[in-house]
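Read in my numbering, the sequence shown has 140 at position 156, and its numbers run on one by one without any break.
Here the structure is laid out as structure tokens; the discussion comes afterwards.
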Amino acid sequence: MNLSQSSAILLSQRAALTPDREALLLTDSGDRFSYGELDARANRCANWLLSLGIGYGDTVSILAQNGITYLDLFFGCARIGAVFAPLNWRLVAAELSYIVNDCQSQLLIFGPEYADVREELAATTAIPHQFSLAAYEAALAAAESGPPPVDERIGPESIHCILYTSGTTGRPKGALISGRQVVWNCINTVVSWGLTADDVSPVFTPMFHAGGLFAFLTPIFYAGGRILLSRAFDPELTLKQIEDEGCTVILGVPTLFQLWLKSPQLARTDFSRVRYFISGGAPCPVPLMQAWREATGT
């Protein structure tokens, strides 16, 4: 890929190169997916969206914990020129209502734990299509798995997704992220960190955030590596998975490293295959870095 290409082919190109290589482990269920299987799901998602009348420039949202549906929508939307706008599940209904109305979401997929929030949103928003995760999976299974019709309007500058800021000094602002930016982030991250098809990275930070979507997830897919995707962060389980699955590059915020340091599992974890531990999202205190090095030798 190069910067003149749309992010719509990001996953399909990798799937064409290595269709049978494992791309994803859902740590909560144990389900594993190859690049070919993820590509087929993205096609099904794109075709299903078209069947709802959702197409180029229309916005699609999800309110749920981390899961494969985020990937379906992220890659599926790009294939038809729709815009992916995930919602921050930490916000209350009034805050979400502003965002949904601002980006004019045409579809909301919601997890079971957010059904009540969805009911509250109904009073202040008018989202034409709303599906639970279970209903979405049923619809996806019935959709066509072949590539959707090509929309000639899709290009590198087409908006791929909208990620909303925290709005600490006012209303949240929607950051428009083009396909070119998605591709550039993949290329730049792969080159900067020396990522390869042998790299394995866990993702337990929220996928409504740039860190969850772009720090390593999409770049590792670009490189042909493997992602461990967790619904949420659990110190003991994530440490065990890091060792069992041979993780090589690991991103966390300082709070996660503090929780790992408090875990009895830390001393039993083999980090010999880890190339990088990276802290982001907030300044990492020097005492925390020193404590981590002393405890792990990394």
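Note that beta-carbon positions come from the ideal geometry of N, C-alpha and C, so glycine has one too.
Taking all protein chains shown into account, decide if residue i is buried (16 or more other Cβ within 10 angstroms of its Cβ) or exposed.
i	result
T253	buried
E136	exposed
R277	exposed
L179	buried
N169	buried
L1	exposed
D23	buried
E21	buried
G281	exposed
T43	buried
T11	buried
P132	buried
T152	exposed
L117	buried
V175	exposed
With residue i and residue j assumed to form a contact (beta carbons below 8 Å), what rounded beta-carbon distance in angstroms separates them?
i	j	result
W45	L71	Position check: residue 45 holds Ser in this sequence, whereas Trp was assumed. Right, their Cβ atoms sit about 5 Å apart.
I83	A66	Contact flag wrong, Cβ pair sits at about 17 Å.
I140	R155	Here residue 140 turns out to be Pro, not Ile, going by the sequence shown. Not a contact, Cβ separation roughly 29 Å.
G196	P203	The pair is not a contact, with the Cβ atoms about 13 Å apart (cut-off 8 Å).
I(-7)	A30	Wrong, their Cβ atoms sit about 12 Å apart, outside the cutoff.
L(-5)	F205	6 Å
H193	A62	Going by Cβ atoms, the distance from H193 to A62 rounds to 19 Å, so no, they are not a contact pair.
G95	L33	About 19 Å; that fails the 8 Å criterion.
Y98	W73	6 Å
A26	G60	5 Å
S(-10)	S142	7 Å
R259	V233	6 Å
Where does the unbroken beta strand (DSSP E) through residue i begin, and where does it stop?
i	result
L91	S89 to F94
G158	G158 to S162
Q(-11)	Careful: Q(-11) lies outside any beta strand (DSSP E) and carries neither H nor E.
I262	Y260 to S263
I211	R210 to L213
E6	E6 to L10
P112	First-last for P112: undefined, no H or E at that position.
I146	I143 to Y148
V184	V184 to V187
Could you name the residues of the same chain whose beta carbon sits closer than 6 Å to that of residue i, not counting the 5 residues immediately before and after it, in chain order?
i	result
F58	F68
S92	Per the sequence shown, the amino acid found at residue 92 is Leu instead of Ser. Excluding positions up to five away in sequence, the list reads S45, I111 and Q114.
L36	H113
A(-1)	Y19, G20 and D23
V166	S(-9) and H144
Within the continuous alpha helix (DSSP H) that includes residue i, where are the two ends?
i	result
E278	V270 to T280
F205	L201 to A207
G60	I52 to I64
V237	From DSSP, V237 is part of no alpha helix (DSSP H); its letter is neither H nor E.
Y40	Note, Y40: premise wrong, no alpha helix (DSSP H); not H, not E.
C29	Y19 to S35
D228	P219 to D228
E103	A99 to L105
Would the C-beta of residue i count as close to the ligand PLP, meaning under 7 Å from any of its heavy atoms?
i	result
L34	As for the ligand PLP, it is missing from this structure, which has no ligand bound.
With a CB to CB cut of under 7 Å and the five nearest residues on each side skipped, what residues in its chain are close to residue i?
i	result
N85	T109
R5	S18, Y19 and G208
L272	P238, F241 and Q242
G158	D86, C87, I146 and Y148
E229	L9, V184 and L212
L245	A275, W276 and A279
P3	S18, Y19 and G20
F261	I234 and T282
Kindly list the residues whose CB is nearer than 8 Å to the CB of residue i, restricted to its own chain and excluding five residues on each side of it in sequence; keep chain order.
i	result
A216	Q49, N50 and F188
S247	P219, E220 and L223
Residue i CB to nearest chain D CB: under 8 Å?
i	result
W32	Included in the structure is just one protein chain, with no chain D present.
Counting pairs of Cβ atoms below 8 Å between the segment 124 to 140 and the segment 97 to 110, do you hit three or more? no
Three or more C-beta pairs closer than 8 Å, one from the segment 180 to 195 and one from the segment 211 to 218: is that the case here? yes
Answer yes if the segment 42 to 56 comes into contact with the segment 3 to 22, meaning at least three C-beta pairs across the two stretches below 8 Å, and no otherwise. yes
Per the contact definition of three or more C-beta pairs closer than 8 Å, is the segment 233 to 241 in contact with the segment 259 to 266? yes
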